[in-house]
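Line by line, the protein sequences give chains A and B. The first sequence begins at 55 in the numbering used here and counts up one residue at a time. The second sequence begins at 190 in the numbering used here and counts up one residue at a time. Here a beta-carbon is modelled for each residue, glycine too, at the ideal position from N, C-alpha and C.
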Amino acid sequence: MAYTVHVDLVSAEEKIHSGPAEMVFAPTLSGEVGILPHHAPMLTLMRAGDVRIVQPAGTVVSFFVSGGILDVQPDGVTLLSDTVLRAEDIDAAEAEEARQLAERAMKGERETLAYSEAYAQLTEALAKLRVVRLMRIKQGDG
Amino acid sequence: MLSLKDLRLRITSVKSTRKITSAMKMVAASKLRRAQAAAESARPFAQRMERMLGTLAASLAGQSGAPRLLAGSGRDRVHLIVMVTADRGLCGGFNSSIVREVRRMTGDLLAEGKQVKILPVGRKGREQIRRDYGAHLIDGFEQLGRRGITFPEADQVANAVTALFEAEEFDVCTVVYNRFQSAIAQVVTRQQLIPFPLSAEPQREFGGARAVTEFEPNEEDILAYLVPRNLAVQMFRSMLESQASEQGARMTAMDNATRNAGDMINRLTMQYNRSRQAQITKELIEIISGAEAL
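Now the structure itself:
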């Protein structure tokens, strides 16, 4: 039997996902990390992006997180994020609109507050779209 | 002595009051269920966050890199009291018990020669404290969480507190709210937010050796992110607790009111029947004695 690690994905308002996993992918500030069971304890920050949890049955569940904290401890992995969306709850059209809006806002702006705000929104929209795309690919396979 | 007509009017009016109070009770009961569920599902986040803060603080112990929001300004001259009450009344002693606590705190602090500022969250608290300590009130928040408190709303309050702290407007921040125990019991609770008191819970041990945690990018950056977030989470938690308490208190108050209205209706109906009977008897006597006189 493969080793598993317990994963809790918690948003400010509720616990979104909890259960065993063979591997967890999370977007940290310095790039995406994949965490296997018996990973060394680690505490790091996450940026907006997608979290994928490989469950023991081999199925993958994906989520969008708005950024937060990743805590790897010997007794499990905890992901804390202000906002967590299940892949199937993301409105792709809305995210696409947000992406275009942000891209337009960024044109002509440089290093201003508006620029960084738009940049943050763009990252968020792109991450949401990525989660949706991944889910579609997966469904296409099945 | 009320006339028969007056009594009848009183009875109808009490009956419609009873309808209102019993409807309010039902509404509060269903809102209570929702508020309680929200308070419970928000608990894991707050717990984890506290645990992480503990891990971080343990590894930072003895160093001077702790953010001011966590460690405080090192003084305790000006106190900020965040007073969490409801926007609406008709919930028994819910609002006044908070106001009483804040009033006592303010009195004590002023007696010690400290300065006090009160940030009201909820209309009722502000209205009630204005008479005694109006001069200490600062701009607060109202109309939050009409459809249940959301995290962004709590974040807003936390941001306001952070901004005040950074402007050196206060040194110590305490939040006063009703902690939900059951539908009939709410506990007035004070919680200090700045400086944040870390629970002295010892680090969990694994096989005798303490797990050495790696920090990425580094402790200071993570703390800088975590500490303001923790403030928002604590605020969120107290607002959720307060909301559940409010509905519980209202439900109990309305239950009592409905029961009292029932008692009152019984009493008035009894009185009404008695006077009606007395009147009939009187009329009969008049008729009979009139007939006898003939």
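Taking C-beta to C-beta, are residue i and residue j nearer than 9 Å?
i, j, result
"A:ASP125", "A:VAL131", "yes"
"B:LEU258", "B:ILE454", "no"
"A:SER135", "A:LEU180", "no"
"A:ALA146", "A:VAL114", "no"
"B:ALA228", "B:GLN423", "no"
"A:PRO95", "B:VAL401", "yes"
"B:GLU409", "B:SER262", "no"
"B:PHE340", "B:GLU435", "no"
"B:VAL310", "B:VAL273", "yes"
"B:PHE404", "A:LEU133", "no"
"A:VAL59", "A:ALA75", "yes"
"B:VAL376", "B:VAL271", "no"
Assign residue i to one of two classes, buried (16 or more other C-beta atoms within 10 Å of its C-beta) or exposed (fewer than that).
i, result
"B:LEU415", "buried"
"A:ILE191", "exposed"
"B:ARG315", "buried"
"B:ILE477", "exposed"
"B:GLY296", "exposed"
"A:SER116", "buried"
"B:MET443", "buried"
Taking only the alpha-carbon atoms, compute the straight-line gap between residue i and residue j and give it to the nearest angstrom.
i, j, result
"A:GLN175", "A:GLY103", "12 Å"
"A:VAL105", "B:LYS303", "49 Å"
"A:TYR57", "A:ALA111", "12 Å"
"B:GLN317", "B:VAL288", "7 Å"
"B:ASN367", "B:PRO417", "23 Å"
"B:ALA398", "A:PRO128", "With a pLDDT of 41 at B:ALA398, under the threshold of 50, the modelled position of that residue is not reliable, and the figure given next carries that caveat. Their backbone Cα atoms lie some 12 Å apart in a straight line."
"B:CYS280", "B:PHE369", "14 Å"
"B:GLU342", "B:CYS362", "19 Å"
"A:SER84", "B:ARG293", "50 Å"
"B:LYS214", "B:THR441", "8 Å"
"B:GLY451", "B:LYS220", "24 Å"
"A:MET77", "A:ALA168", "38 Å"
"B:VAL346", "B:GLY337", "15 Å"
"A:GLU151", "B:PHE354", "37 Å"
"B:ASP322", "B:ARG264", "It is worth fixing the name first, because residue 322 of chain B is Tyr in this sequence and not Asp. One C-alpha to the other measures close to 23 Å."
"B:SER202", "A:ALA141", "55 Å"
"B:GLY278", "B:ILE209", "15 Å"
"B:ILE373", "B:LEU191", "37 Å"
"B:ARG456", "B:SER285", "31 Å"
"B:ILE474", "B:ASP195", "24 Å"
"B:GLU481", "B:ARG207", "49 Å"
Within the same chain, show all residues whose beta-carbon is closer than 7 Å to that of residue i, passing over the 5 residues directly before and after it, in chain order.
i, result
"A:ARG184", "ASP104"
"B:ARG312", "ASP276, GLU331"
"B:GLY479", "none"
"B:ALA231", "PHE425, ARG426, LEU429"
"B:GLY329", "LEU308, PRO309, VAL310, ARG315"
Skipping 5 residues on each side, what residues in its chain have a beta carbon closer than 6 Å to that of residue i?
i, result
"A:ALA172", "ALA156, ALA159, MET160"
"B:SER211", "THR447"
"B:GLN225", "ALA433"
"B:LEU326", "ILE307"
"A:LYS182", "PHE118, ILE144, ALA149"
"B:HIS268", "LEU298, LYS303, VAL305, VAL361"
"B:LEU333", "GLU342"
Is it the case that the CB of residue i approaches a heavy atom of the ligand GDP more closely than 8 Å?
i, result
"B:ASN455", "Within the structure as shown, the ligand GDP is missing, as the structure has no ligands at all."
Going by beta carbon distance, what residues of the same chain come within less than 8 Å of residue i, once the five residues before and after it are set aside?
i, result
"B:LEU193", "TYR461, SER464, ARG465, GLN468"
"B:ARG319", "LEU326"
Completely contained alpha helix (DSSP H) runs for the segment 58-88 of chain A, where each covers 4 or more residues: Listed in chain order, nothing qualifies, since the segment 58-88 of chain A has no complete alpha helix (DSSP H) run of 4 or more residues.
Continuous beta strand (DSSP E) assignments of at least 3 residues falling wholly in the segment 245-325 of chain B: Correct list: 267-273, 304-310.
Within the segment 322-382 of chain B, ranges of the beta strand (DSSP E) (whole runs, at least 3 residues): As for any beta strand (DSSP E) of minimum length 3 sitting wholly inside the segment 322-382 of chain B, the runs are 361-371, ordered along the chain.
Every unbroken beta strand (DSSP E) within the segment 82-156 of chain A, with a cutoff of 3 residues, ordered by chain: Taken in chain order, the whole beta strand (DSSP E) runs of length 3 or more contained in the segment 82-156 of chain A are 85-89, 96-100, 103-108, 114-119, 122-127, 130-135, 138-140.
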